Amino acid sequence: MTTIDEATTWVEAYRDAWLSNDADEVGALFTDDAVYEFRPNDPEPWRGREAIVAGWLEEPDSPETWKFDFEIRGILGDGTAVVQGVTEYLDERPTYENLWIIRLDHGQATHFTEWFMVRKGTES
958 MTTIDEATTW VEAYRDAWLS NDADEVGALF TDDAVYEFRP NDPEPWRGRE AIVAGWLEEP
1018 DSPETWKFDF EIRGILGDGT AVVQGVTEYL DERPTYENLW IIRLDHGQAT HFTEWFMVRK
1078 GTES
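Here the sequence shown is numbered in the working numbering, starting from 958 and rising by one per residue.
Written out as structure tokens, the structure reads:
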């Protein structure tokens, strides 16, 4: 069963990987058969660690162009973590409100689904 501390550790490692854009750090976040969805029921998710790493590194964000803050909103009965975040881009891009649903197994995500929407008033 996932705990809030485990979920926090995972999201902090995600943020670190986002900062470094290091393939090994990104890969360490996910199981071999993980699924990464950009929206619920994504018709074209990244499937498998290799695809997730490749997709992530295809268009990486430069670390000096964004800030990310989050709060673990809860752990569901099946151990799925619910994370609310804010991604603030420091360039011309808008700020995003994020909701992540993360299924973890021994510290790695087996399934990651995100919802994101532009924060009102930050549209380009």
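Think of the CB as a built atom: it goes at the ideal place given N, C-alpha and C, for glycine as much as any other residue.
Small disclaimer: the values here were computed from a predicted structure and weren't measured.
In three-state terms, what does DSSP make of residue i?
i	result
LEU1047	coil
GLY1012	helix
TRP1022	Residue 1022 is actually Thr in this sequence, not Trp. Helix.
LEU976	helix
ARG1030	strand
GLU1071	strand
ARG1076	coil
GLU1054	strand
Compare the Cα-Cα distances from residue i to each of the options and report the closest residue.
i	options	result
PHE1025	ASP1048, GLU1049, ASN1055	ASN1055
GLU1021	GLU969, GLU963, ASN978	ASN978
TYR1046	TRP1023, ASP962, ILE1009	TRP1023
PHE1027	GLN1041, THR966, GLU1015, GLU1007	GLN1041
GLY1064	GLY1036, TRP1013, GLU1015, VAL1010	GLY1036
LEU986	PRO997, ALA974, GLY1034	ALA974
PRO997	ILE961, TRP1057, GLY1078	TRP1057
So if DSSP puts residue i in a beta bridge, which residue, or which two residues, is it bridged to?
i	result
ALA1066	PHE987, LEU1061
TYR971	DSSP lists no partner for TYR971.
ARG1004	VAL992
GLY1036	For GLY1036, which the question treats as bridged, DSSP gives no partner whatsoever.
I'd like the list of long-range same chain contacts for residue i, defined as Cβ closer than 6 Å, with 5 residues on each side in sequence excluded.
i	result
THR1067	THR988, ALA991, ARG1060
PHE1069	TYR993, ILE1059
ARG972	PHE1025
ARG1076	THR1052, GLU1054
GLY984	ARG1006, VAL1010
THR959	ILE1032, GLY1036, ALA1038, LEU1061
GLU982	ALA974
If you drop the 5 nearest sequence neighbours on each side, which residues of the same chain put their C-beta closer than 8 Å to that of residue i?
i	result
ALA964	ILE1029, ILE1032, ALA1038, VAL1040, ILE1059, LEU1061
Could you name the residues of the same chain whose beta carbon sits closer than 7 Å to that of residue i, not counting the 5 residues immediately before and after it, in chain order?
i	result
MET1074	TYR1053, GLU1054
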